[in-house]
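Worksheet for the structure shown next.
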Amino acid sequence: MGLLDRLLGRAQPPPPSLDELFALPDAALTLETSLGLRPTGVGSVCFRAAEGAAFAQLETDVQALLDADGGPNVERSLDGYGFTWLTCRHDPGDMAGLVTALHAVNASLEAQGFGPALLCSLVAFSGTQDQRLSLVYLYKRGTFYPFAPTGHEQRDNALELQARGALTDLRVEPDLARWFPVWGAPGL
1162 MGLLDRLLGR AQPPPPSLDE LFALPDAALT LETSLGLRPT GVGSVCFRAA
1212 EGAAFAQLET DVQALLDADG GPNVERSLDG YGFTWLTCRH DPGDMAGLVT
1262 ALHAVNASLE AQGFGPALLC SLVAFSGTQD QRLSLVYLYK RGTFYPFAPT
1312 GHEQRDNALE LQARGALTDL RVEPDLARWF PVWGAPGL
């Protein structure tokens, strides 16, 4: 951050910390007790795949890591914007295991120099009356935000704001304009 940025009051976003993901099991308990939202056992990591043998080998290694010892069911998919999604499916009661798998994917990409390719990670929740919500971790900002799709490109803003109010122990993105919709994200 330069002197001009400081004089103009521009803040630099916090550096990404993948360890923030380990706050999700506590956040899941908070969402369940305050809003009746339960984990579905589904989480995803979204990244821009790179070309070349090194990245292809890394994807193979990550898949093998997650499949080892009867790990989570993992699916790979591409969205309409060219981003790759790795979707992990765990037992809904094993939020810690799901978070560990998501952390392993993110950490592997980061350790091999592909950190800038990471876009976000998300964990899905569901409630009564077909409520759906995901907590989205923005890798480049180091923050979370709730996303509650209700139908074809519509979202439940009230539920998102209720979730933000309940999640006092989670680093929630303060700028609502950065609460990007992730339409069609795997697991939602």
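Residue 1349, in the working numbering, is where the sequence shown stops; the numbers in between run on with no holes. We put the beta carbon where it would ideally sit given N, CA and C, even for glycine. Because the structure is a prediction, the values reported are computed rather than measured.
Beta-bridge pairing of V1260 - partner residues as DSSP gives them: V1260 pairs with nothing; no bridge assigned.
Cβ-based neighbour list, P1347, same chain, cut-off 6 Å, excluding 5 preceding and 5 following: S1205, S1238, W1246 and T1248
Neighbourhood of L1299 by C-beta, 6 Å cutoff - its chain only, sequence neighbours within 5 removed: C1281
Find the nearest neighbour of D1317 within the set D1291, V1203 and A1188, judged by alpha-carbon distance. D1291
Range covered by the beta strand (DSSP E) that runs through R1199: R1199 to F1208
Hey, R1354 and A1309 are a contact pair by Cβ (cut 8 Å); roughly how many whole angstroms apart? The displayed coordinates of the chain run from 1162 to 1349. Any statement about residue 1354 would go beyond what the structure contains.
Rounded separation between T1201 and T1194 - CA only: 15 Å
Return helix, strand or coil for P1253, following the three-state DSSP convention. coil
Determine the direct distance from the alpha carbon of T1289 to that of L1322, and round the result to whole angstroms. 17 Å
CB-CB under 6 Å to D1252, same chain, minus the five flanking residues each way: which ones, in chain order? G1202
Of the residues L1283, L1328 and L1337, the one placed nearest L1192, counting alpha carbons only: L1328
Range covered by the beta strand (DSSP E) that runs through L1283: L1279 to S1287
Could you tell me if S1178 is buried or exposed, where buried requires 16 or more neighbouring beta carbons within 10 angstroms of its beta carbon? exposed
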